[in-house]
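Visitor: Just remember that my numbering sits 162 ahead of the position in the sequence shown, which is counted from 1.
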Amino acid sequence: MHTSMFQGVDVNLLCLLAVCVAAAAATNTLVLVDTLATRETHSIFLKSLQERGHELTVKVADDPSLQLSRYGEYLYQNLVIFAPGVEEFGGALSVETIVEFIDGGGNVLVAGSREAADLIRELVTEVGVEMDEEGAAVIDHLHYDANDDGQHTLIAAPSSGLIDSEVMVGARDAIPLLYRGTGLITDADNPLVLPVLRAPSTAYCYSPTQAITDYPHATGQNMLLVAALQARNNARVVVSGSLEFFSDAFIMASVQTPQGASYERSGNGRVVEALSRWVFMEEGVLRVVSIDHHLQDQSEPPVAYTIKDDVEYKIKVERLVEGTWKPYVANDMQMEFVRIDPFVRLTMTPSSNGLFSVKFKVPDVYGVYQFKVEYNRVGFTRLYSSTQVSVRPFTHLQYERFIECAYPYYASAFSMMVGVFLFSLVFLHHKESPSKTKAD
163 MHTSMFQGVD VNLLCLLAVC VAAAAATNTL VLVDTLATRE THSIFLKSLQ
213 ERGHELTVKV ADDPSLQLSR YGEYLYQNLV IFAPGVEEFG GALSVETIVE
263 FIDGGGNVLV AGSREAADLI RELVTEVGVE MDEEGAAVID HLHYDANDDG
313 QHTLIAAPSS GLIDSEVMVG ARDAIPLLYR GTGLITDADN PLVLPVLRAP
363 STAYCYSPTQ AITDYPHATG QNMLLVAALQ ARNNARVVVS GSLEFFSDAF
413 IMASVQTPQG ASYERSGNGR VVEALSRWVF MEEGVLRVVS IDHHLQDQSE
463 PPVAYTIKDD VEYKIKVERL VEGTWKPYVA NDMQMEFVRI DPFVRLTMTP
513 SSNGLFSVKF KVPDVYGVYQ FKVEYNRVGF TRLYSSTQVS VRPFTHLQYE
563 RFIECAYPYY ASAFSMMVGV FLFSLVFLHH KESPSKTKAD
């Protein structure tokens, strides 16, 4: 009887542990919509999130119970805003709280439209993206779909406009992407904003119902259709000027261009899934597993290095792939040995297990140094590692007794000593014979 009782307890404990592990593994994602009908029109996208382990909470954007945090802890890791028409967020949600959420490491996906409300425009401005004027739509008289209503606002954007990063948008192919919405403008000098999808060079953004009297604000490839931001804390934000870009209709639609090319399915589904994986930290995430540094003939780090020591530095890096950490291999990761400025900068040698190593000689300048690795690549999280060490000068007994370059001076000194010695011998022991004088 006792055995069966303990077996029951073990089963209960295992069940409890399984629930806890599942809860810890789940990613909480809040989805804000204009109406709950969006769950039906964008079901493919939302279902793909659920299949990847996201616990979705779908609410209307003006719900009075909205809150991102409770007792100082965030309730969600990700936020999806599919509510371009919301005039004011409900509950404790505001533009300020969303910006704080990003500053705290949260990830945000925002989709707008040509009629996006001022609230959404204000939000995307906070992350370095500006939507064009209200009512303005992206128009292209060369790159549009055959199902367009005549205004040429249903854009068949070439896949060549996608950013060159497989981590962010997946493997590139020739299938165009359907887009109907407004154009985005960013500051080209902002290093944190990434152009995910550029408009075709023949596109411009203007109201399709008005005659063009002024030069459009956004034209050609200076205009973005989808933009992304990776903050300095590695939080990620994606902004799209089109809510329909993520819709079932656009994902499942066929594409036919004016040039006669036809495609059974648009490229939206592939790009949307890859982009959502990136923005929600499922792809492009790097981490440092271990760091090791020591003298080349030893295995443990010393208390302090000495100038001109031969040192070996190793760092192990992993990449998140399909929810599993795997070794990261690259041939462009560098290590710097920094005091105030880098004294040494070398490219490390990779190995198949994610271990990068480099050997070098400590500079002939003592002080406090850092082994520093700073790795920034498009689509990947910022990798930063810094290890501080001390470098001391030689002790008195470590200096060389004779320096090769001083041999001429040594020879000069010894030759002078020998010369003085010989001169002294001659001077002291040489006796001149007395001179003979002539007798008178």
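By construction, the Cβ of each residue, glycine as well, lies at the ideal position given by its N, Cα and C atoms.
Keep in mind it's a predicted model, so treat the numbers as computed, not measured.
1. Counting beta carbon pairs with one atom in the segment 349–365 and one in the segment 390–406, are three or more of them shorter than 8 Å?
2. According to the neighbour-count rule (16 or more other Cβ atoms, all chains shown, within 10 Å of its Cβ), is ARG507 buried or exposed?
3. Residue ranges of each beta strand (DSSP E) run of no fewer than 3 residues wholly in the segment 333–361, ordered along the chain?
4. My output table needs one value for GLU295: the three-state DSSP class, helix, strand or coil.
5. Rounded C-beta distance between PHE207 and PHE442? I'm assuming under 8 Å.
6. Quick check: the Cα distance between CYS367 and VAL270, rounded to an integer number of angstroms?
7. Mind reading off the beta-carbon distance from GLY274 to ASN240? Whole number of angstroms is fine, and I expect it under 8 Å.
8. Please report the residue range of the beta strand (DSSP E) in which GLU498 lies.
9. Give the DSSP-derived three-state secondary structure of LYS470 in the structure shown.
10. If you reduce the DSSP assignment to three classes, tell me which class ALA245 lands in.
11. What is the residue span of the alpha helix (DSSP H) that ARG283 lies within?
12. Go ahead and label MET578 buried or exposed: buried means 16 or more other beta carbons lie within 10 angstroms of its beta carbon, across all protein chains shown.
13. Which residue or residues does DSSP assign as beta-bridge partners of ASN269?
14. Between MET510, THR344, ILE374 and GLY323, which has its C-alpha nearest ARG334's C-alpha?
15. Going by C-alpha distance, which of GLY253, PRO320, SER424 and SER210 is nearest VAL434?
16. Within this structure, are the beta carbons of TYR425 and PRO338 separated by less than 9 Å?
17. Given that a residue counts as buried once 16 or more other Cβ atoms are within 10 Å of its Cβ, and exposed if not, what is MET414?
18. Cα separation between CYS182 and TYR475?
19. Considering Cα atoms alone, identify which of PHE505, ILE374, TRP487 and GLN550 is closest to ILE453.
20. Give every residue of the same chain whose Cβ lies closer than 7 Å to the Cβ of GLY529, excluding the five residues on either side of it in the sequence, and list them in chain order.
21. Between which two residues does the alpha helix (DSSP H) harbouring ARG432 extend?
22. Assign GLU406 to one of two classes, buried (16 or more other C-beta atoms within 10 Å of its C-beta) or exposed (fewer than that).
23. Just the C-alpha distance for VAL331 and GLN460, rounded to the nearest angstrom, thanks.
24. From the DSSP output, in three-state form, read off ALA184 for me.
25. Kindly give me the distance between the Cβ atoms of ILE317 and ASP294, rounded to whole angstroms, as I take these residues to be in contact under 8 Å.
26. Output needed for VAL289: all residues of its chain with C-beta closer than 6 Å, excluding positions within five of it in sequence on either side, in chain order.
27. Does the beta-carbon distance from ASP526 to LYS470 come in below 9 Å?
28. Would you mind stating whether ALA299 and THR315 have Cβ atoms separated by less than 9 Å?
29. Is the segment 365–385 touching the segment 240–249 in the sense that three or more CB pairs, one from each, lie closer than 8 Å?
30. Is VAL329 closer than 9 Å to VAL540 when the C-beta atoms are compared?
31. According to DSSP, is GLN383 helix, strand or coil?
32. Could you pull out every residue in the same chain whose Cβ sits closer than 7 Å to the Cβ of ALA308, ignoring the five residues on either side in sequence?
33. Identify, in the order they occur along the chain, each residue of the same chain with its Cβ nearer than 6 Å to the Cβ of ASP472, setting aside the five sequence neighbours on each side.
34. Rounded to the nearest angstrom, what separates ALA573 and GLU462 at their Cα positions?
35. Any idea what DSSP makes of PRO226, helix, strand or coil?
36. With DSSP as the reference, label TYR571 as helix, strand or coil.
Guide: Reading off the structure:
1. Here the segment 390–406 makes contact with the segment 349–365; the two share three or more CB pairs at distances below 8 Å.
2. With fewer than 16 other CB atoms across the displayed protein chains lying within 10 angstroms of its CB, ARG507 is exposed.
3. Counting only runs of 3 or more, we get 339–341, 346–348 and 355–360.
4. GLU295 falls in the coil class under three-state DSSP.
5. Contact doesn't hold; Cβ gap of about 12 Å is too wide.
6. Roughly 25 Å between the two C-alpha positions.
7. ASN240 and GLY274 do not touch by the CB rule: their CB atoms are close to 18 Å apart, not below 8 Å.
8. Note, GLU498: beta strand (DSSP E), 496–500.
9. Coil, per DSSP.
10. Here DSSP, grouped into helix, strand and coil, assigns ALA245 to coil.
11. Per DSSP, ARG283 belongs to the alpha helix (DSSP H) from 280–287.
12. So MET578 ends up on the exposed side.
13. Looking at the DSSP assignment, ASN269 forms a beta bridge with ASN240.
14. The residue with the shortest Cα to Cα distance from ARG334 is GLY323.
15. The residue from GLY253, PRO320, SER424 and SER210 with its alpha-carbon nearest to that of VAL434 is SER210.
16. If you check the CB distance, TYR425 and PRO338 come in under 9 Å.
17. Sixteen is the threshold: since fewer than 16 other Cβ atoms of the shown chains lie within 10 Å of the Cβ of MET414, the residue is exposed.
18. Any reading at CYS182 is ruled out, since the residue's pLDDT is 38, under 50, leaving its predicted position unreliable.
19. The alpha carbon of ILE453 has as its nearest neighbour, out of PHE505, ILE374, TRP487 and GLN550, the alpha carbon of GLN550.
20. Excluding its 5 nearest sequence neighbours in each direction, GLY529 has C-beta neighbours in its own chain below 7 Å: ARG501 and VAL553, listed in chain order.
21. Membership of ARG432 in the alpha helix (DSSP H) is indicated by the continuous run 430–441.
22. Burial of GLU406 is indicated by the presence of at least 16 other C-beta atoms within 10 angstroms of its C-beta.
23. Distance between the alpha carbons of VAL331 and GLN460 is about 45 Å.
24. Interpretation of ALA184 is limited by its pLDDT of 37, a score under 50 that renders its predicted location unreliable; no figure is taken from the coordinates.
25. At roughly 14 Å, the Cβ-Cβ gap does not stay under 8 Å, so ILE317 and ASP294 are not in contact.
26. Leaving aside the five residues that flank VAL289 on each side, the residues in its chain whose CB is nearer than 6 Å to its CB run, in chain order, LEU391 and VAL399.
27. Yes, Cβ-Cβ distance for ASP526 and LYS470 is below 9 Å.
28. In this structure, THR315 lies closer than 9 Å to ALA299 by Cβ.
29. Judged by Cβ distances under 8 Å, the segment 240–249 makes no contact with the segment 365–385, as fewer than three pairs qualify.
30. If you check the CB distance, VAL540 and VAL329 come in under 9 Å.
31. DSSP places GLN383 in the helix class (H, G or I) of the three-state scheme.
32. Excluding positions up to five away in sequence, the list reads GLN418.
33. Here the set comprises GLN458 and LYS523.
34. Their Cα atoms are separated by approximately 43 Å.
35. The DSSP-derived three-state label of PRO226 is coil.
36. Helix.
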